[in-house]
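**Student:** These protein sequence lines map, in sequence, to chains Z and G.
Under the numbering used here, think of the first position of the first sequence as 57, with each following residue one higher.
Under the numbering used here, think of the first position of the second sequence as 57, with each following residue one higher.
All residues carry an ideal CB built from backbone N, CA and C; glycine is no exception.
Computed from a predicted model, the values in this text were never measured in an experiment.
Here it is, the structure, as structure tokens.
2 protein chains.
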Amino acid sequence: MPGQVSSAPSPRIERKRDKRVQEIVRTAADLFAERGYDAVSLDDVAERLDVTKGSLYYYFAGKDELCTAALETLGNGWMERLEELSAAYDGSDVGRLRALLHEHIMIAVRDYPAALRLFLVPREWPASQARSIKAMRTRHDAIFRDVIDSGVRAGEFDAISTDVTLQCMHAAMTQAPTWCGRLTGRARTRAIDELTDTLMLLVGCSRADD
Amino acid sequence: MPGQVSSAPSPRIERKRDKRVQEIVRTAADLFAERGYDAVSLDDVAERLDVTKGSLYYYFAGKDELCTAALETLGNGWMERLEELSAAYDGSDVGRLRALLHEHIMIAVRDYPAALRLFLVPREWPASQARSIKAMRTRHDAIFRDVIDSGVRAGEFDAISTDVTLQCMHAAMTQAPTWCGRLTGRARTRAIDELTDTLMLLVGCSRADD
DNA sequence: GAGAAGTTTGACTACGTAGTCAATAGTTGA
DNA sequence: TCAACTATTGACTACGTAGTCAAACTTCTC
Numbered sequence: 057m058p059g060q061v062s063s064a065p066s067p068r069i070e071r072k073r074d075k076r077v078q079e080i081v082r083t084a085a086d087l088f089a090e091r092g093y094d095a096v097s098l099d100d101v102a103e104r105l106d107v108t109k110g111s112l113y114y115y116f117a118g119k120d121e122l123c124t125a126a127l128e129t130l131g132n133g134w135m136e137r138l139e140e141l142s143a144a145y146d147g148s149d150v151g152r153l154r155a156l157l158h159e160h161i162m163i164a165v166r167d168y169p170a171a172l173r174l175f176l177v178p179r180e181w182p183a184s185q186a187r188s189i190k191a192m193r194t195r196h197d198a199i200f201r202d203v204i205d206s207g208v209r210a211g212e213f214d215a216i217s218t219d220v221t222l223q224c225m226h227a228a229m230t231q232a233p234t235w236c237g238r239l240t241g242r243a244r245t246r247a248i249d250e251l252t253d254t255l256m257l258l259v260g261c262s263r264a265d266d
Numbered sequence: 057m058p059g060q061v062s063s064a065p066s067p068r069i070e071r072k073r074d075k076r077v078q079e080i081v082r083t084a085a086d087l088f089a090e091r092g093y094d095a096v097s098l099d100d101v102a103e104r105l106d107v108t109k110g111s112l113y114y115y116f117a118g119k120d121e122l123c124t125a126a127l128e129t130l131g132n133g134w135m136e137r138l139e140e141l142s143a144a145y146d147g148s149d150v151g152r153l154r155a156l157l158h159e160h161i162m163i164a165v166r167d168y169p170a171a172l173r174l175f176l177v178p179r180e181w182p183a184s185q186a187r188s189i190k191a192m193r194t195r196h197d198a199i200f201r202d203v204i205d206s207g208v209r210a211g212e213f214d215a216i217s218t219d220v221t222l223q224c225m226h227a228a229m230t231q232a233p234t235w236c237g238r239l240t241g242r243a244r245t246r247a248i249d250e251l252t253d254t255l256m257l258l259v260g261c262s263r264a265d266d
């Protein structure tokens, strides 16, 4: 075993690599979200990054792994943001739910104008992604279930069924970028606000209640 | 031009052909809805019909045409049913809207257990289908916009924005088969009813109002 | 600046699937 | 029974794309 140090790369190089991985992941996520998994070839991803396909295989074992990384990296960031917001919120459940809905829609529409539209819609992804999508959906549901149940117990909300309410909210928020994405400026802000207020109706809160 | 009659086929043969076309269209729609356009090959469609691919080309010019036919045939039947129901309904707008929502969800969940889940979600279909999907969506929206606006004018409903309300309802109904499809018997009935009632909240109607 | 490590390239294979078509089988009606 | 028409087959081509890999290039490190 002559002199084989098998040294870990220096932190600097590791950071560089991480950055590159993030670039690739982000670009891939945008493309997948724009066109769907099947309609995106690795040549497409490579072209948008100004490299060739072989380069992607230096970082990822295959298309599936790249897709998983894209879903998890972006999804984790999103869910963390919502979890922090929910934990830090100081006020009524009405206010907390409204803040969560609003932030969720904002992230979907603003931060990921192209990416993640399809994020929580399993049918649009290959079966190999089922596990990571399900995990993210569970996390998403837990955030909203928590505040809805709390509000119901406190008598602030009135939901026919928490499950169904959750599903309706989720479905609407999933579609939000398609509706609001083409709008800009005040029109977009207004659409997001209206959507938030409309979803609050699902727990029996009209705008007056805040 | 010796004896070239170019005769139309007999009605009997024409009926037979139409029936075959319907079988193919229905099978294709089921498969497209199960797996998505890209993930379904014409060999898959042919296999489920117990024929070979070449046979499909006797009836359809290509995969795209088959897909268009599938979307339009099934979508037209669905929308016709809703239009009839809306026109025939005799009663308040609250009752009419509830009947429309309920029927829409029932059709989605019961009649098309596999097919058409994705029906009104353009992003899941190739660009060549955009026209026919948009037409169907317009028709769908017109049905529901009609009753919502009517209810708002009559003071029965209170919607923040008809557009946003429509979009939320549409998003939720599109997902309904995914939620209710795995249920059976009373559980399914209950889920469909709960979803209907929950969506009525979007126009400010709680269950008590009926 | 030299050697090592990290990164990218582009030509390559393998494979699946849309679409073609001449040959064949099945059906219909006289 | 036979001829014309309808329907189906299966072998075929063309093409796109996932994945491979040795060689070339770039960037670090001493």
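(1) Counting only beta-carbon atoms, is A171 (chain G) nearer than 8 Å to chain Z?
(2) So, is G207 (chain Z) buried or exposed, given that buried needs 16 or more other C-beta atoms within 10 angstroms?
(3) Which same chain residues end up closer than 6 Å to S184 (chain Z) when comparing Cβ atoms and leaving out the 5 residues on each side of it in sequence?
(4) Alpha carbon to alpha carbon, what distance is there between Y113 (chain Z) and A68 (chain Z)?
(5) Determine the DSSP secondary structure at P67 (chain Z), reduced to helix, strand or coil.
(6) Give the range of the alpha helix (DSSP H) segment to which Q223 (chain G) is assigned.
(7) Out of Z:R246, Z:L255, Z:M135, Z:I80, which has the shortest C-alpha to C-alpha gap to A228 (chain G)?
(8) 8 Å is my cut-off, CB to CB: does Q223 (chain Z) come that close to chain G?
(9) Let me know if G59 (chain Z) comes out buried or exposed under the rule of 16 or more other beta-carbons within 10 Å of its beta-carbon.
(10) Listed from N- to C-terminal order along the chain, which residues in the segment 189 to 222 of chain Z have their beta-carbon within a distance smaller than 7 Å of any beta-carbon of chain G?
(11) Tell me, please, whether the segment 208 to 219 of chain Z touches the segment 145 to 160 of chain Z by the rule of three or more beta-carbon pairs shorter than 8 Å.
(12) Could you tell me whether any Cβ in chain G is nearer than 8 Å to the Cβ of L255 (chain Z)?
(13) Does any residue of chain G bring its CB to less than 8 Å from the CB of D94 (chain Z)?
(14) Short check: CB of K109 (chain Z) to CB of A102 (chain Z), under 8 Å?
(15) Using CA atoms only, rank isn't needed, just tell me which of G:L105, G:A144, G:A155 is closest to D253 (chain G).
(16) Specify the secondary structure class of T254 (chain G) as computed by DSSP and reduced to three states.
(17) Do you know offhand how far L258 (chain G)'s Cα is from S262 (chain Z)'s?
(18) Among the residues of its own chain, which have a CB less than 7 Å from the CB of T240 (chain G), if the five just before and after it don't count?
(19) Where does the unbroken alpha helix (DSSP H) through V101 (chain Z) begin, and where does it stop?
(20) Taking DSSP as the reference, what is the three-state secondary structure of A215 (chain G)?
(21) I want to check one thing, is the minimum distance from the CB of S111 (chain Z) to the heavy atoms of the ligand FAD below 7 Å?
(22) Does the beta-carbon distance from L127 (chain G) to I189 (chain G) come in below 8 Å?
(23) Who are the near neighbours of V96 (chain G) in its chain, counting only those whose CB is closer than 7 Å to its CB and skipping five residues on each side?
(24) Between the C-alpha atoms of A144 (chain G) and E136 (chain G), what's the straight-line distance to the nearest angstrom?
(25) Going straight from the alpha carbon of L251 (chain G) to that of H160 (chain G), what length do you get?
(26) Which residues in the same chain as T124 (chain Z) place their Cβ atom closer than 7 Å to its Cβ, once the five residues preceding and following it in sequence are excluded?
(27) Can you have a look at G92 (chain G) and say buried or exposed, based on whether 16 or more other CB atoms are within 10 angstroms of its CB?
**Tutor:** So, from the data block:
(1) With a pLDDT of 49 at A171 (chain G), under the threshold of 50, the modelled position of that residue is not reliable, and no figure is offered here.
(2) buried
(3) D120
(4) Note that residue 68 (chain Z) corresponds to Arg in the displayed sequence, not to Ala. Taking the straight line from one Cα to the other gives about 22 Å.
(5) helix
(6) 218 to 236
(7) Z:L255
(8) yes
(9) The predicted position of G59 (chain Z) is uncertain, since its pLDDT is 34 and thus under 50; no value can be drawn from it.
(10) I216, S217, V220, T221
(11) yes
(12) yes
(13) yes
(14) yes
(15) G:A155
(16) helix
(17) 10 Å
(18) none
(19) 98 to 104
(20) coil
(21) The ligand content of the structure shown is nil, which means the ligand FAD is not present either.
(22) yes
(23) L87, F88
(24) 12 Å
(25) 11 Å
(26) Q185, S188
(27) buried
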